[in-house]
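Participant: Numbering (full-length UniProt numbering), first residue to last: 1 to 296.
Glycine residues also receive a C-beta, built at the ideal position from the N, C-alpha and C atoms.
1) If contacts are defined as beta-carbon pairs under 8 Å, then residue 233 and residue 208 qualify, I think. What distance do you get, rounded to the angstrom?
2) How long is the line joining the alpha carbons of residue 150 and residue 238, rounded to whole angstroms?
3) Go ahead and label residue 182 buried or exposed: buried means 16 or more other beta carbons lie within 10 angstroms of its beta carbon, across all protein chains shown.
4) Helix, strand or coil for residue 60, going by three-state DSSP, please let me know.
5) Mind reading off the beta-carbon distance from residue 165 to residue 129? Whole number of angstroms is fine, and I expect it under 8 Å.
6) With C-beta atoms as the reference, is residue 223 less than 7 Å away from residue 170?
7) Just to confirm, are residue 134 and residue 268 a CB contact at a threshold of 7 Å?
8) Would you decide whether residue 275 is buried or exposed? Buried here means 16 or more other CB atoms lie within 10 Å of its CB.
9) Give the straight-line distance between the Cα atoms of residue 240 and residue 173, rounded to the nearest whole angstrom.
10) Where does the unbroken alpha helix (DSSP H) through residue 105 begin, and where does it stop?
11) Where does the unbroken alpha helix (DSSP H) through residue 180 begin, and where does it stop?
12) In this structure, does DSSP put residue 138 in helix, strand or coil?
13) Please tell me whether residue 115 and residue 197 are closer than 7 Å, where the distance is taken between their beta carbons.
14) Kindly indicate which residue of 203, 249 and 193 has the alpha-carbon position closest to the one of residue 160.
15) Given this structure, state the Cα-to-Cα distance separating residue 41 from residue 200, to the nearest angstrom.
16) Can you tell me the Cα-Cα spacing of residue 101 and residue 259, whole angstroms?
17) Grab the span of the alpha helix (DSSP H) containing residue 77 for me, first residue to last.
18) With a threshold of 16 other CB atoms inside 10 Å of the CB of residue 14, please say whether the residue is buried or exposed.
19) Since I believe residue 261 is in contact with residue 55 (beta carbons under 8 Å), could you give me their beta-carbon distance rounded to a whole number of angstroms?
20) Alpha helix (DSSP H) containing residue 19: first to last residue?
21) Pick from 96, 189 and 243: whose alpha carbon is nearest that of residue 273?
22) What's the C-alpha gap between residue 236 and residue 145?
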């Protein structure tokens with residue numbers, strides 16, 4: 001028997017699964033763990049949504065209640081109106097998808113160059129970018145803020161403009177690494193065939209590489225949009241104008257004097273766009289993360 005014919009070792013052998021008792025125990029444990037993990041991830045969302053339906057007294061009572069006594073959907077209408085969620089969500093959508101557009105252009109170009117064009121000192125550049133992932137975000141907040149407040153040589157201030165969100169999000173070392181790993185898995189024969197047909201590097205990227213990269217582009221899109229949507233510290237520093245604030249900063253600034261149940265309802269509404277965006281791209285997550293690890 002060759003090495004390729006060796007059966008895969010697992011915690012439960014096929015012989016044990018063939019027995020009725022082994023099958024019963026296996027599936028019981030399996031579904032119990034699935035239910036446990038689903039509960040751990042879904043219960044906080046349920047607690048937030050149901051909290052927005054409770055009365056002010058019920059949401060702060062001890063011990064807490066799992067179900068709202070008298071569900072009040074009007075709390076969500078009040079949250080939308082009192083906290084001006086429409087404007088905040090629109091601002092955040094502009095910031096998130098603007099950052100996504102810049103990342104898809106520049107990060108894809110950088111990853112393609114590092115993977116297929118092989119520039120001089122390309123590995124050094126990649127190592128330097130990955131090294132930035134080891135630096136805590138709080139360490140670079142102050143120099144980044146000073147740079148955004150006064151661009152060197154140009155003396156422009158990016159505060160209270162979308163550029164303060166877009167530009168710092170462009171150079172994302174993690175997304176560049178994911179894209180590069182995926183591009184490494186694309187056979188060089190395809191690029192060579194495109195070159196024989198007269199396609200240059202940009203034409204090859206547009207016509208050959210990008211159509212094959214939809215899974216990883218979906219993953220990068222999710223990471224990019226969610227990162228901007230959930231960010232709090234950086235928008236709090238650079239977006240001091242209330243008309244330009246993101247949904248997280250705006251809710252934090254405007255919730256003073258708002259009842260707790262209305263505040264929780266606002267949080268539930270603010271989480272809906274990212275959940276919908278995730279569900280739309282969920283099939284691309286595992287496909288994009290695993291495809292870069294396989295050659296072919």
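Facilitator: For this structure:
1) Locating residue 233 in the chain shown gives position 233, counting from the first residue. Locating residue 208 in the chain shown gives position 208, counting from the first residue. The Cβ separation is near 40 Å, so there is no contact.
2) Counting from one through the chain shown, the residue named residue 150 turns up at place 150. Counting from one through the chain shown, the residue named residue 238 turns up at place 238. Roughly 12 Å between the two C-alpha positions.
3) Reading the chain shown from its first residue, position 182 is the one you call residue 182. Result: buried.
4) Numbered from 1 along the chain shown, position 60 holds the residue referred to as residue 60. Note: residue 60 maps to coil in three-state DSSP.
5) On the chain shown, position 165 is the one that residue 165 refers to. On the chain shown, position 129 is the one that residue 129 refers to. Not a contact, Cβ separation roughly 20 Å.
6) Indexing the chain shown from 1 puts residue 223 at position 223. Indexing the chain shown from 1 puts residue 170 at position 170. Their beta carbons are not under 7 Å apart, which means residue 223 does not touch residue 170 by this criterion.
7) Within the chain shown, numbered from 1, the residue matching residue 134 stands at position 134. Within the chain shown, numbered from 1, the residue matching residue 268 stands at position 268. The answer is no: Cβ separation not under 7 Å.
8) Counting from 1 along the chain shown, the entry for residue 275 is found at position 275. When all chains shown are included, residue 275 counts as exposed.
9) Position 240 of the chain shown, counted from the first residue, corresponds to residue 240. Position 173 of the chain shown, counted from the first residue, corresponds to residue 173. Straight-line Cα distance between these residues: approximately 28 Å.
10) Within the chain shown, the letter at position 105 stands for residue 105. Residues 85-112.
11) Counted from its first residue, the chain shown places residue 180 at position 180. 173-184 is the extent of the alpha helix (DSSP H) around residue 180.
12) The residue labelled residue 138 in the question sits at position 138 within the chain shown. Residue 138: helix per DSSP, three-state reduction.
13) Translated into positions along the chain shown, residue 115 becomes position 115. Translated into positions along the chain shown, residue 197 becomes position 197. Taking 7 Å as the Cβ cut-off, residue 115 and residue 197 do not qualify as a contacting pair.
14) By one-based count along the chain shown, residue 160 stands at place 160. The residue with the shortest Cα to Cα distance from residue 160 is 249.
15) The residue given as residue 41 occupies position 41 in the chain shown. The residue given as residue 200 occupies position 200 in the chain shown. Each residue's alpha carbon lies about 47 Å from the other.
16) Walking along the chain shown from the start, residue 101 turns up at place 101. Walking along the chain shown from the start, residue 259 turns up at place 259. C-alpha separation (whole angstroms): 38 Å.
17) Sequence index remark: in the chain shown, residue 77 carries index 77 (1-based). Here the alpha helix (DSSP H) through residue 77 covers 74-82.
18) By one-based count along the chain shown, residue 14 stands at place 14. Its Cβ having fewer than 16 others within 10 Å, residue 14 is exposed.
19) Reading the chain shown from its first residue, position 55 is the one you call residue 55. Reading the chain shown from its first residue, position 261 is the one you call residue 261. Right, the Cβ-Cβ distance comes to about 6 Å (below 8 Å), so this counts as a contact.
20) Locating residue 19 in the chain shown gives position 19, counting from the first residue. Segment: none, residue 19 is in no alpha helix (DSSP H) and carries neither H nor E.
21) Here the question's residue 273 lines up with position 273 in the chain shown. Here the closest residue by C-alpha is 96.
22) Your numbering for residue 236 matches position 236 in the chain shown. Your numbering for residue 145 matches position 145 in the chain shown. Their Cα atoms are separated by approximately 11 Å.
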